[in-house]
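In this text, residue positions in the sequence shown follow this note's numbering: the first is 15, and each later residue adds one. Where a beta carbon is used, it is the ideal one built from N, C-alpha and C, also for glycine. Written out below as structure tokens is the structure these notes cover.
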Amino acid sequence: MLKVRKAVFPVAGLGTRFLPATKTVPKEMLPIVDRPLIQYAVDEAIEAGCDTLVFVTNRYKHAVADYFDKAYELEQKLEKAGKQDLLAMVREVLPAHVRAVFVTQAEALGLGHAVLCAEPVVGNEPFAVLLPDDLIWTRGRGALGQMVDLAASRNASVIAVQEVPRAQTGSYGIVDTAGDEGNPARIHGMVEKPAPEDAPGTRAVVGRYVLSPRVFELLRDTAPGRGGEIQLTDALARLATSSNVLAYAFEGMRFDCGTRIGLVEATIRYALDHPELADRARDFMRAALAE
Ligand code: UTP
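Below, the structure written as structure tokens:
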């Protein structure tokens, strides 16, 4: 597989689970400690070797574009005040060798449709998709980096998965590996949010993908599925019948920051790992739990 240089971030969803905050603040801009969710996904993509970031947004998400834009006035102020560390932090939002491209999804017609909106920028090369509300905490190489390495060595598309309790299959896309319990395992089929009794297994799709551009063709003739949305899962299920698509259980801990408890858990995890905050966070938690 060719080198993966382009990463797509579908951020055009409505984020209804975080209302009322998401009336004005896009879900992707909610912070974990001091950085918005989107920054964690962007850093992971850059670490994996991507240099072109494609954000699929909607007309309400100016905050995402503004965040990655250069903040001249702020930078001048910090420079004048000699606040070099803060200045570096602001500039590191997007390193100089990386470019950001914004495309609009006019209507929220589903994740599959959002990915298809990125086609004019991605073109005919393999690409990554990252859903920023799946935050993956790792100590070593990031989850996408692990997947890009695997895609290159196996010349395959790769989809991140994690084991879930059977009772929860209805909240996820579930892969069918035809009984192969290995890691990675070849995918033979995929089902979006199956009832536990219908699920072909218990490996759930997590929001990281390395995909062949053939998926665009398949998305173009994917009819709206579950919920009237064009489902990425449906196109991927078809991709898996005609090419090598691997399910990969990455090293790392995934937080579902599309849910309130996931955001809280991630905040705790990152605070306990933060050099300046860890001690106080631990003390506070102990005291709060003892109440
Ligand atoms: P979700 O299913 O989490 O939907 O989308 P949502 O609208 O963001 O959030 P809730 O459920 O209303 O709280 C999964 C990912 O797909 C993107 C979302 O931005 C999110 O990253 N998405 C979804 C789009 O970009 N466009 C769509 O039409 C749908």
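Task: As assigned by DSSP and simplified to three states, the class of residue 136 - done: Counted from its first residue, the sequence shown places residue 136 at position 122. Three-state result, residue 136: helix.
Task: Sequence-distant residues of the same chain with beta carbon closer than 8 Å to residue 119, five excluded per side - done: Sequence index remark: in the sequence shown, residue 119 carries index 105 (1-based). Excluding sequence neighbours, residue 119 sits near 24, 26, 70, 71, 72, 127, 128 and 131.
Open item on the list: Which residue wins for smallest C-alpha separation from residue 92, given the options 101, 206 and 304?
Closed with: As a working note, residue 92 is residue 78 in the sequence shown. Comparing Cα positions, the closest option is 101.
Open item on the list: Looking at residue 264: is its Cβ nearer than 8 Å to the Cβ of residue 160?
Closed with: Sequence index remark: in the sequence shown, residue 264 carries index 250 (1-based). Sequence index remark: in the sequence shown, residue 160 carries index 146 (1-based). Taking 8 Å as the Cβ cut-off, residue 264 and residue 160 qualify as a contacting pair.
- [ ] Report all residues from its chain with a CB closer than 6 Å to the CB of residue 199; omit the five preceding and five following residues, and keep chain order.
- [x] Residue numbering aside, residue 199 sits at position 185 when the sequence shown is read from its first letter. Within the same chain, residue 199 has close Cβ partners 191 and 261.
- [ ] Taking only runs that begin and end inside the segment 109–160, name each unbroken alpha helix (DSSP H) of 4 or more residues, in chain order.
- [x] The qualifying runs are 125–131 and 133–136.
Task: Nearest-angstrom beta carbon gap, residue 254 and residue 204 [assumed within contact, 8 Å] - done: Stepping through the sequence shown from its first residue, residue 204 is reached at position 190. Stepping through the sequence shown from its first residue, residue 254 is reached at position 240. Contact between residue 204 and residue 254 holds, since their C-beta atoms are separated by about 7 Å, short of 8 Å.
Open item on the list: the ligand UTP and residue 30: does the residue's C-beta get closer than 7 Å to at least one heavy atom of that ligand?
Closed with: Here the question's residue 30 lines up with position 16 in the sequence shown. The answer is yes for residue 30.
Task: residue 47: CB within 7 Å of a non-hydrogen atom of the ligand UTP - done: Position 33 of the sequence shown, counted from the start, is the residue given in the question as residue 47. With a cutoff of 7 Å, residue 47 does not count as near the ligand UTP, since its C-beta is closer than that to no heavy atom of the ligand.
- [ ] Mind checking who residue 203 pairs with in its DSSP beta bridge?
- [x] As a working mapping, residue 203 is identified with position 189 in the sequence shown. Per DSSP, 190.
- [ ] List the residues that DSSP assigns as beta-bridge partners of residue 270.
- [x] Here residue 270 is taken as the residue at index 256 of the sequence shown, counted from 1. DSSP output for residue 270 lists 148 as bridge partner(s).
Task: Any non-hydrogen atom of the ligand UTP within 7 Å of residue 130 CB - done: Against the sequence shown, residue 130 aligns to sequence position 116. No, the ligand UTP has no heavy atom inside 7 Å of this Cβ.
Open item on the list: Output needed for residue 288: all residues of its chain with C-beta closer than 8 Å, excluding positions within five of it in sequence on either side, in chain order.
Closed with: Within the sequence shown, numbered from 1, the residue matching residue 288 stands at position 274. The answer, listed in chain order, is 47 and 295.
Task: Span of the alpha helix (DSSP H) around residue 171 - done: Here residue 171 is taken as the residue at index 157 of the sequence shown, counted from 1. Not the alpha helix (DSSP H): residue 171 falls in the beta strand (DSSP E), residues 171–177.
TODO: Give me the Cα-Cα distance between residue 157 and residue 58, rounded to the nearest whole angstrom.
DONE: Counting from 1 along the sequence shown, the entry for residue 157 is found at position 143. Counting from 1 along the sequence shown, the entry for residue 58 is found at position 44. Taken atom to atom, the span from the alpha-carbon of residue 157 to that of residue 58 is near 7 Å.
- [ ] Return the first residue and the last residue of the alpha helix (DSSP H) that residue 56 is part of.
- [x] As a first step, residue 56 must be located in the sequence shown, where it is residue number 42. Note, residue 56: alpha helix (DSSP H), 51–61.
Open item on the list: For residue 125 and residue 64, what's the separation of their Cα atoms in angstroms?
Closed with: Within the sequence shown, residue 125 is the residue found at index 111, counting from 1. Within the sequence shown, residue 64 is the residue found at index 50, counting from 1. If you take the alpha carbons of residue 125 and residue 64, they lie about 21 Å apart.
Task: Environment of residue 206 [buried if 16+ CB atoms lie within 10 Å] - done: Residue mapping note: residue 206 aligns to position 192 of the sequence shown, counting from 1. Counting Cβ neighbours within 10 Å, residue 206 comes out buried, since at least 16 surround it.
TODO: Taking all protein chains shown into account, decide if residue 221 is buried (16 or more other Cβ within 10 angstroms of its Cβ) or exposed.
DONE: Within the sequence shown, residue 221 is the residue found at index 207, counting from 1. Burial call: buried.
- [ ] Would you grab the beta carbon distance between residue 175 and residue 219 for me? Rounded to a whole angstrom, and I think it's under 8 Å.
- [x] Here the question's residue 175 lines up with position 161 in the sequence shown. Here the question's residue 219 lines up with position 205 in the sequence shown. Sure, about 6 Å apart at Cβ, within 8 Å.
Open item on the list: Under DSSP, the beta strand (DSSP E) around residue 311 begins and ends at which residues?
Closed with: Past the boundaries of the shown model lies residue 311; the chain is included only from 15 to 305, so the question cannot be answered.
Task: Closer than 7 Å: residue 127 CB and nearest the ligand UTP heavy atom - done: Locating residue 127 in the sequence shown gives position 113, counting from the first residue. Yes; taking the cut-off as 7 Å, the Cβ of residue 127 has a heavy atom of the ligand UTP nearer than that.
- [ ] Say yes only if the C-beta of residue 68 is nearer than 7 Å to one or more non-hydrogen atoms of the ligand UTP, and no if none qualify.
- [x] Counted from its first residue, the sequence shown places residue 68 at position 54. No.
Task: Proximity to residue 45 [Cα-Cα], best of 299, 293, 284 and 305 - done: Numbered from 1 along the sequence shown, position 31 holds the residue referred to as residue 45. For the set 299, 293, 284 and 305, the Cα lying nearest the Cα of residue 45 is the one of 284.
TODO: Starting from the C-beta of residue 178, find all residues in its chain whose C-beta is less than 7 Å away, skip the five residues before and the five after it, and write them out in chain order.
DONE: Here residue 178 refers to the residue found at position 164 of the sequence shown. Result list for residue 178: 186, 216 and 218, in chain order.
TODO: Can you give me the Cβ contacts of residue 226 inside the same chain, cut-off strictly under 8 Å, excluding the 5 residues immediately before and after it?
DONE: Position 212 of the sequence shown, counted from the first residue, corresponds to residue 226. Taking residue 226 as the centre and dropping the five residues before and after it, the same chain places the C-beta of 15, 140, 171, 253 and 257 closer than 8 Å to its C-beta, in chain order.
- [ ] In angstroms with no decimal places, state the Cα-to-Cα distance between residue 78 and residue 40.
- [x] Here residue 78 is taken as the residue at index 64 of the sequence shown, counted from 1. Here residue 40 is taken as the residue at index 26 of the sequence shown, counted from 1. Each residue's alpha carbon lies about 8 Å from the other.
TODO: Using three-state DSSP, classify residue 240 as helix, strand or coil.
DONE: Locating residue 240 in the sequence shown gives position 226, where the first residue counts as 1. Annotated three-state conformation of residue 240 is helix, per DSSP.
- [ ] Measure the C-alpha to C-alpha separation of residue 249 and residue 173 and round it to an integer number of angstroms.
- [x] Start at 1 with the first residue of the sequence shown, and residue 249 comes out as number 235. Start at 1 with the first residue of the sequence shown, and residue 173 comes out as number 159. Their backbone Cα atoms lie some 13 Å apart in a straight line.
Open item on the list: For residue 20 and residue 135, what's the separation of their Cα atoms in angstroms?
Closed with: Indexing the sequence shown from 1 puts residue 20 at position 6. Indexing the sequence shown from 1 puts residue 135 at position 121. Cα to Cα, the separation comes out at about 9 Å.
Task: Closest Cα partner of residue 244 within the set 194, 183, 107 and 122 - done: Mapped onto the sequence shown, residue 244 falls at position 230. Minimum Cα-Cα distance from residue 244 among the listed residues 194, 183, 107 and 122 corresponds to 122.
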